[in-house]
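Number of protein chains: 2
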Amino acid sequence: MPKDATAPAPRPMRADARRNYNRVVAAAETVIAEHGAEASLEEIARHAGVGSATLHRHFPTRQALLEAVFKSRVEALCAKAHDLLSDPDPGTALVTWLRAVGAHAVANRGLGASLMRGARHGGPTLGNTCHTMIVNAGDELLARARQANAVRPEASIVQLLKLVSAIALATEEEPDGPTQADQLLDLALDGVRLHRTSRPHK
Amino acid sequence: MPKDATAPAPRPMRADARRNYNRVVAAAETVIAEHGAEASLEEIARHAGVGSATLHRHFPTRQALLEAVFKSRVEALCAKAHDLLSDPDPGTALVTWLRAVGAHAVANRGLGASLMRGARHGGPTLGNTCHTMIVNAGDELLARARQANAVRPEASIVQLLKLVSAIALATEEEPDGPTQADQLLDLALDGVRLHRTSRPHK
DNA sequence: GCGATAACCGGAGGGCCACCCCAGTTATGG
DNA sequence: CCATAACTGGGGTGGCCCTCCGGTTATCGC
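Chains A and B are the protein sequences, given in the same order. Here the numbering used here is used: the first residue of the first sequence is 2, the next is one more, and so on. Here the numbering used here is used: the first residue of the second sequence is 2, the next is one more, and so on.
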C-alpha cells in the first residue's frame, strides 16, 4: 500500500508525479529549516527544480506541505508516546513526552505553529492530521496520568499541547531558543503536576 | 537629523502632519482589531484616507506603528503594576498583573507579538520601547515577590512575560480565545509560585 | 498681509509573492 | 505501438511592501 496519507490511491500516482512530490518535500525540509515556516513557496519550488504550479497542485495549501514535511517527526513523537505508556511513573511520562514535543517544535521551525493551526477549521477535511495524531497519542498519556492523580484533572491534552506549542513558537527564531524553551517549559509544566508531598526545598 | 519616535519635536510638527499621524493611528487601531497584527499596511492607509507613502514616512517600520497603537495600553499596564506594588501579597500581586497583561494581549490582537518582538534586535535604537516599559514595570513586582519568597527564584521577568505573550499569541484569533488563555495562564502561572504549605487536596 | 521656503502629501512604479490557466509533454494501458 | 489521460511549467493576475518625485500647503520673516 502506498504511503499516501488519506486516500487509498485508486490511481497509484504516476511515477514522475511521485518523484516531484518527494523532491518538493525534500526541498521544503531544507528551506524551512533555513528560513522558518513562513518561507517562500516559490523558493521551495525553485530549490526543488520544479514549477510553482506543480508545488501548488500537490499541496493546495501551505498547511498541506507542512503536514507532509513534519509527518515523519510527528509519527516519531506518537511512537514515543506509545513507548512512554509503559513507564512506571505516569506523571513523569507525560511531562517527558510534552518536553519532547516542545524540543521537536523548537528544533523544526514552524512545527509548533503547524500543530496549533490544526485545531481550527473544525472540519476533518485535511490539514489537521498532524494535530489529531498528536492529540490522540497524548490523550492516552494524559488519561493514564490523570488516573494516577499525577496531574491537575482540569487540564486537557489540547490545552497542554497548546501551551507547549506556544512556548516553542515564542522562543523559536531566538538566538538561544532551545535554552529558553526548556526553562519556560520547566516553569509551565510544573504547574500542571500535582505534588502530593510538600514541595522539596530545591 | 532627529529620529523622533517620541522626541519632543524641536520642530513642533506641522498641523496636517499631526492630523494624518493621528488618522493613521486610529485607522490602524480598528483594522488591527479586525484583522490582527499582520494586517495590510496599505489597507490601514486606505482606511485612513491617506497615501501609503504617508504611512511609511510616519512609521518607517510596522513595529513603529504597533508601538504607537499600543502605547496607551502599555502605559495603563505600567500604571497598574505601580499600583500593585502596594498590594499586601507580593506573589498574588505579580500573578494578578501577569494575568492583566495576558488579558490585554488577548483582547488587543497583536499586542502579544509586539511585546515579544521587542526583545530582539538588542539595540536600544527603537521599536522596543513597549517591551522595555513592560519589563521595567514588571521587574519591580517580581523583585518584591522574590524577596517575599513567593515565586521560584530562577524565573526572570523576561521569561514570565514571554510565557504570557506566548499564551496570548497562541489563543488569539481563536473563537474562545479569552477563556482558553485564562485556563492556560492558570496552569502555567501556578508553576511559578512557591507554595510553602503542602498543596491542598483540591 | 505676503511671498519664499521648507515640509508634507499621495500617485506611480519596482520587486516579490501566492495562486490560476492553458498548451505542451510524457507515462501508461490496450 | 498508439491513443489518452495525467502531469508539467511558463506566464498572467492581483496583492503586498516600500521608495521616488512632482505638486501642494502650512509656516516664518518681513
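From the three backbone atoms N, C-alpha and C, an ideal C-beta is built for every residue, glycine too. None of these values were measured; they are calculated from a predicted model.
| said: Counting C-beta neighbours from all protein chains within 10 Å, is the total for B/Gln64 16 or more, i.e. buried, or is it exposed? | reply: For this step, residue 64 of chain B is matched to residue 63 along the second sequence. With 16 or more Cβ atoms within 10 Å of its Cβ, B/Gln64 is classed as buried.
**Request:** Look at the alpha carbon of A/His122 and the alpha carbon of A/Glu68, and state the distance between them as a whole number of angstroms.
**Result:** As a first step, residue 122 of chain A must be located in the first sequence, where it is residue number 121. As a first step, residue 68 of chain A must be located in the first sequence, where it is residue number 67. Any answer about A/His122 is weak, because its pLDDT of 49 lies below 50 and its placement is not dependable; what the coordinates show is given next. If you draw a straight line from the Cα of A/His122 to the Cα of A/Glu68, it comes to about 15 angstroms.
Check your understanding: Under a CB-based cut-off of 8 angstroms, is B/Leu207 close to chain A?
Key -> Coverage of chain B is limited to positions 2 through 203, which leaves residue 207 of chain B absent and any answer about it impossible.
Cutting at 7 angstroms between CB atoms, please list the residues of its own chain near A/Arg200, excluding the five before and the five after it. Numbered from its first residue, the first sequence carries residue 200 of chain A at position 199. The predicted model places A/Arg200 with a pLDDT of 45, which falls under 50 and marks its position as unreliable; any figure quoted below should be read in that light. Nothing meets the Cβ criterion.
* In the structure shown, what three-state DSSP assignment does A/Thr198 receive? -> For the purposes of this step, residue 198 of chain A is taken as residue 197 along the first sequence, with counting starting at 1. For A/Thr198, the pLDDT reaches just 42, beneath the cut-off of 50, and the residue's location in the model is therefore unreliable, although a value from the coordinates is still provided. In the structure shown, A/Thr198 sits in coil (DSSP, three-state: anything other than H, G, I, E or B).
Helix, strand or coil at B/Val51 [DSSP, three-state]:
Taking the first residue of the second sequence as 1, we reach residue 51 of chain B at position 50. Three-state result, B/Val51: coil.
### DSSP-derived helix/strand/coil call for A/Gly1
This structure does not reach residue 1 of chain A, given that chain A is present from 2 up to 203, and the question cannot be answered.
Note to self: Which complete alpha helix (DSSP H) runs does the stretch 12 to 92 of chain B hold, if anything under 4 residues is left out?
What the structure shows: Listed in chain order, they are 16 to 36, 42 to 48, 53 to 59, 63 to 85.
| request: Give a yes or no on whether the minimum CB-CB distance between A/Arg188 and chain B is below 8 angstroms. | output: Locating residue 188 of chain A in the first sequence gives position 187, where the first residue counts as 1. For clarity, residue 188 of chain A is Leu in the given sequence; the question names Arg instead. It does: the Cβ of A/Leu188 has a partner Cβ on chain B nearer than 8 angstroms.
For the structure I just gave you, are there three or more beta carbon pairs, one from the stretch 160 to 176 of chain B and one from the stretch 101 to 115 of chain B, closer than 8 angstroms?
Short answer: they touch.
| request: Express the C-alpha separation of B/Arg19 and A/Pro154 in angstroms, rounding to a whole number. | output: Translated into the one-based positions of the first sequence, residue 154 of chain A becomes position 153. Translated into the one-based positions of the second sequence, residue 19 of chain B becomes position 18. Their backbone Cα atoms lie some 54 angstroms apart in a straight line.
- Item | Inter-residue Cα distance where the pair is B/Leu66 and B/Val26 | As a first step, residue 66 of chain B must be located in the second sequence, where it is residue number 65. As a first step, residue 26 of chain B must be located in the second sequence, where it is residue number 25. Straight through space, the alpha carbons of B/Val26 and B/Leu66 are spaced by roughly 7 angstroms.
- Given a limit of 8 angstroms on CB to CB distance, which residues of the stretch 175 to 186 of chain B reach chain A? For the stretch 175 to 186 of chain B, which is checked against every Cβ of chain A, the residues closer than 8 angstroms are Glu175, Gln181, Gln184, Leu185.
To which residues of the same chain is B/Thr93 closer than 6 angstroms at the C-beta, ignoring the five residues directly before and after it? Taking the first residue of the second sequence as position 1, residue 93 of chain B is located at position 92. Excluding residues within five positions, none has a Cβ falling inside 6 angstroms.
- prompt: With distances taken from CA atoms, which of A/Ala114, A/Arg145, A/Ala189 is nearest B/Leu164?
  reply: Locating residue 164 of chain B in the second sequence gives position 163, where the first residue counts as 1. Residue A/Ala189 holds the alpha-carbon nearest to the alpha-carbon of B/Leu164 among A/Ala114, A/Arg145, A/Ala189.
Where does B/Asn137 land, buried or exposed, given buried means 16+ other C-beta within 10 angstroms? As a working mapping, residue 137 of chain B is identified with position 136 in the second sequence. Exposed: under 16 other Cβ atoms inside 10 Å.
**Study point:** 8 angstroms Cβ cutoff, B/Gln160 in contact with chain A
**Key:** Within the second sequence, the letter at position 159 stands for residue 160 of chain B. Chain A, which has a Cβ nearer than 8 angstroms to the Cβ of B/Gln160, makes this yes.
**Message:** Please state the DSSP three-state secondary structure of B/Asn129.
**Reply:** Numbered from its first residue, the second sequence carries residue 129 of chain B at position 128. Note: B/Asn129 maps to coil in three-state DSSP.
| said: Going by DSSP, what residue range makes up the alpha helix (DSSP H) through A/Ser166? | reply: Translated into the one-based positions of the first sequence, residue 166 of chain A becomes position 165. 158 to 172 is the extent of the alpha helix (DSSP H) around A/Ser166.
Taking only three categories from DSSP, how would you classify A/Asp183? What you label residue 183 of chain A is simply residue 182 of the first sequence in a count that begins at 1. In the three-state DSSP reduction, A/Asp183 falls in the helix class (H, G or I).
Discussion item. For A/Ala16, would you say it is in contact with chain B, using Cβ-to-Cβ distances shorter than 8 angstroms as the test?
Written reply: Position 15 of the first sequence, counting from 1, holds the residue named residue 16 of chain A. For A/Ala16, the answer is no, since every Cβ of chain B falls outside 8 angstroms of its Cβ.
Residue-chain proximity (A/Ala167, chain B), Cβ-Cβ < 8 angstroms: As a first step, residue 167 of chain A must be located in the first sequence, where it is residue number 166. Yes, because at least one Cβ of chain B sits closer than 8 angstroms to the Cβ of A/Ala167.
Q) Taking Cβ-Cβ distances below 8 angstroms as the criterion, which residues of the stretch 127 to 147 of chain A are in contact with chain B? A) Under the 8 angstroms Cβ criterion, the stretch 127 to 147 of chain A contributes no residue.
**Secondary structure of B/Leu188, DSSP reduced to three states** = Position 187 of the second sequence holds residue 188 of chain B. Here B/Leu188 sits in helix by DSSP.
_Can you check whether the C-beta of A/Leu95 is within less than 8 angstroms of a C-beta belonging to chain B?_
Numbered from its first residue, the first sequence carries residue 95 of chain A at position 94. So no, A/Leu95 is outside the interface.
>> Tell me the DSSP secondary structure of B/Glu175 in three-state form.
In response: Numbered from 1 along the second sequence, position 174 holds the residue referred to as residue 175 of chain B. Residue state, collapsed to three classes: coil.
Worksheet item: Does the beta-carbon of A/Met134 have 16 or more other beta-carbons within 10 angstroms, so that it is buried, or is it exposed?
Response: As a position in the first sequence, residue 134 of chain A is number 133, starting the count at 1. Looking at its Cβ environment, which holds 16 or more other Cβ atoms inside 10 Å, A/Met134 is buried.
Cβ pair A/Val102, A/Leu185 closer than 8 angstroms = Residue 102 of chain A sits at position 101 when you count from the first residue of the first sequence. Residue 185 of chain A sits at position 184 when you count from the first residue of the first sequence. No.
Of all the options B/Arg15, B/Met14, B/Ala146, which has the alpha carbon lying nearest to the alpha carbon of B/Asp88? Here residue 88 of chain B refers to the residue found at position 87 of the second sequence. When only C-alpha atoms are compared, the closest one is B/Ala146.
Query raised in the report: Is the Cβ-Cβ distance between A/Leu95 and A/Leu143 less than 8 angstroms?
Result: Position 94 of the first sequence, counting from 1, holds the residue named residue 95 of chain A. Position 142 of the first sequence, counting from 1, holds the residue named residue 143 of chain A. Yes, these two residues count as a Cβ contact at 8 angstroms.
Please list, in chain order, all residues of the same chain as A/Val34 whose beta carbon is under 8 angstroms from its beta carbon, the five residues on each side excluded.
-> Along the first sequence, one-based indexing puts residue 34 of chain A at 33. Note that residue 34 of chain A corresponds to Ala in the displayed sequence, not to Val. Taken in chain order, the residues that qualify are Asn109, Arg110.
Worksheet item: Is the Cβ of B/Ala156 closer than 8 angstroms to any Cβ of chain A?
Response: Here residue 156 of chain B refers to the residue found at position 155 of the second sequence. Answer yes: the Cβ-Cβ gap between B/Ala156 and chain A drops below 8 angstroms somewhere.
With a threshold of 8 angstroms between beta-carbons, can B/Leu164 be considered close to chain A, or not? Counted from its first residue, the second sequence places residue 164 of chain B at position 163. Taking Cβ atoms only, chain A reaches closer than 8 angstroms to B/Leu164, which makes this a yes.
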